[in-house]
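Let me begin by presenting the structure, written as structure tokens, before commenting on it.
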Amino acid sequence: MAPFFPDKFAAFRQIFAKDVFDRTGARHLADEDVLPAGRAARAAVVRGQGGVAARHLLDTSVPLSEWMSRIENSFRRHHERVAWIDELSALIVRYRLGRNPMASLAHGDYAGQCAPSRTRSLGAVSVLQEQKRLQAVRKSGPDVRAMRDRQVSDLATVPEYDALRQTVGVPMALFNTSVPSNATMFAFHLSRVAVRFYRALVQILFHNNIYERDAPLSLSPDMRRRLDGLLGCMEEDLRRLPADLRGPASADSAKSRGALLQHVAAVKLALRAFDDHLTVRRVWKTDFRFKDMPDVSSNALFFIYYALDNCEAADTVYAEHRGHWMPAHYRVNAALRHVEEFASEFGCVANSKMSAAAHLCSVVKKH
Numbered sequence: 001m002a003p004f005f006p007d008k009f010a011a012f013r014q015i016f017a018k019d020v021f022d023r024t025g026a027r028h029l030a031d032e033d034v035l036p037a038g039r040a041a042r043a044a045v046v047r048g049q050g051g052v053a054a055r056h057l058l059d060t061s062v063p064l065s066e067w068m069s070r071i072e073n074s075f076r077r078h079h080e081r082v083a084w085i086d087e088l089s090a091l092i093v094r095y096r097l098g099r100n101p102m103a104s105l106a107h108g109d110y111a112g113q114c115a116p117s118r119t120r121s122l123g124a125v126s127v128l129q130e131q132k133r134l135q136a137v138r139k140s141g142p143d144v145r146a147m148r149d150r151q152v153s154d155l156a157t158v159p160e161y162d163a164l165r166q167t168v169g170v171p172m173a174l175f176n177t178s179v180p181s182n183a184t185m186f187a188f189h190l191s192r193v194a195v196r197f198y199r200a201l202v203q204i205l206f207h208n209n210i211y212e213r214d215a216p217l218s219l220s221p222d223m224r225r226r227l228d229g230l231l232g233c234m235e236e237d238l239r240r241l242p243a244d245l246r247g248p249a250s251a252d253s254a255k256s257r258g259a260l261l262q263h264v265a266a267v268k269l270a271l272r273a274f275d276d277h278l279t280v281r282r283v284w285k286t287d288f289r290f291k292d293m294p295d296v297s298s299n300a301l302f303f304i305y306y307a308l309d310n311c312e313a314a315d316t317v318y319a320e321h322r323g324h325w326m327p328a329h330y331r332v333n334a335a336l337r338h339v340e341e342f343a344s345e346f347g348c349v350a351n352s353k354m355s356a357a358a359h360l361c362s363v364v365k366k367h
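See the structure below:
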């Protein structure tokens, strides 16, 4: 039970990590907190392989922060393919991502004591010129204080977009540190890491952030029309989703359409990032296949890993209270219906249950 203890029992976590990994957890942030094993259910597997793999990760592998930087750079290159973004907006987003990296590796003390300097100093420099925005910041003061004290579970696996801080908090439990990050296999980890990270990051493409002063994003009437069309398309498809693809919990189509759009866009963009970082394909121009699965392509493996990542045992009450993180059946079945690459890899005929060809919501531009 050590991974589940509160922070005041950090010593027990350290003992647990020492026992499982044959070392204390890696310190990815500036403080001295220890990264717990995080997944007790997999402790038996980690016990056998974690020690060697974790030492390999520390000694020779690419740091996780570097991987997050690469994944974010892929988003920066490919976000302009999203259907509702025009060329000028894509340029603004590219500038913002280049100026301020969004990924923030997070653990139990997510906010720490470091409120952004822009937020702290805004009152001093914008009293006259930025009165409207200043009022918004002052109004959110209690929220800022609450966020400083907010604790995020060490077992959290869902990155969240923080509009106030203009960051995406990436929990360390999202990563499987037993996979060497300098190996080909880590690219398949993007079906988990990149999809979940992009699901949060894509939210910067939906609306302007009142805290962004230098490069505000404003949706033009045409962009708004295209976005509304996609949201309407997602809502209609949620209504017509076959009953056997819904799982035990039903999602409200009107409330869940935005979440579905985020998931579809995240999968499509993560697939582009996968192409960028699959070394065998990029360097040797060949497809990676497992020896025992010669007929399964790399892209097919990407979708298989994505489905496995969303495989969970959850009761109906839990599934119905996930908010924007939709129930697992919808994250897989409803989202992949609008990914043409999935239908192509698995031979889904047009208008079958897993291919909404006649009602396809084109989230990504064709070019």
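First residue of the sequence shown? That's 1 in the UniProt record's numbering, and the numbers climb one at a time after it.
For glycine and all other residues, C-beta sits at the position ideal for the given N, C-alpha and C.
- Going by DSSP, Gly232 is part of the alpha helix (DSSP H) stretching over 221-240.
- If you draw a straight line from the Cα of Asp295 to the Cα of Arg99, it is about 43 Å long.
- In this structure, the alpha-carbon of Asp154 lies about 23 Å from that of Tyr305.
- In the three-state reduction of the DSSP assignment, Ala265 falls in the helix class.
- With a 10 Å radius around the Cβ and a threshold of 16 neighbouring Cβ atoms, Cys361 comes out buried.
- In this structure, the straight-line span from the alpha carbon of Ala273 to that of Ala307 is close to 18 Å.
- Annotation for Glu160: the continuous beta strand (DSSP E) segment containing it runs 160-162.
- In the three-state reduction of the DSSP assignment, Gly98 falls in the helix class, which pools H, G and I.
- Listed as beta-bridge partners of Leu201 by DSSP are no residues whatsoever.
- For Ser253, the secondary structure class from DSSP, reduced to helix, strand or coil, is helix.
- Look at the beta carbons and you see the region 310-320 not touching the region 221-228: under three pairs across the two are nearer than 8 Å.
- Counting C-beta pairs with one atom in each stretch, the region 332-339 and the region 260-270 have three or more that are closer than 8 Å, which means they touch.
- DSSP places Ala103 in the strand class (E or B) of the three-state scheme.
- Within its own chain, the residues whose Cβ lies closer than 8 Å to the Cβ of Val168, once the five positions on either side in sequence are excluded, are Met102, Ala103, Ser104, Pro159, Glu160, Tyr161, Asp162, Phe197, Ala200, Leu201, listed in chain order.
- With respect to Leu278, Ala194 sits apart: the two C-beta atoms are not nearer than 8 Å.
- Listed in chain order, the alpha helix (DSSP H) elements of length 4 or more contained wholly in the region 269-331 are 279-284, 298-309, 316-319.
- Separation of Trp84 and Cys233 (C-alpha to C-alpha, rounded to the nearest whole angstrom) is 13 Å.
- Under the three-state reduction of DSSP output, Val349 falls in the coil class, being neither helix nor strand.
- With a cutoff of 8 Å on beta-carbon distance, Arg331 and His263 are scored as near each other.
- Secondary structure note for Phe206: it is in no alpha helix (DSSP H), with a DSSP letter that is neither H nor E.
- Here Glu345 really is in contact with Phe303; their C-beta atoms are around 6 Å apart, less than 8 Å.
- DSSP, reduced to helix, strand and coil, places Gly247 outside both helices and strands of the structure shown, so it counts as coil.
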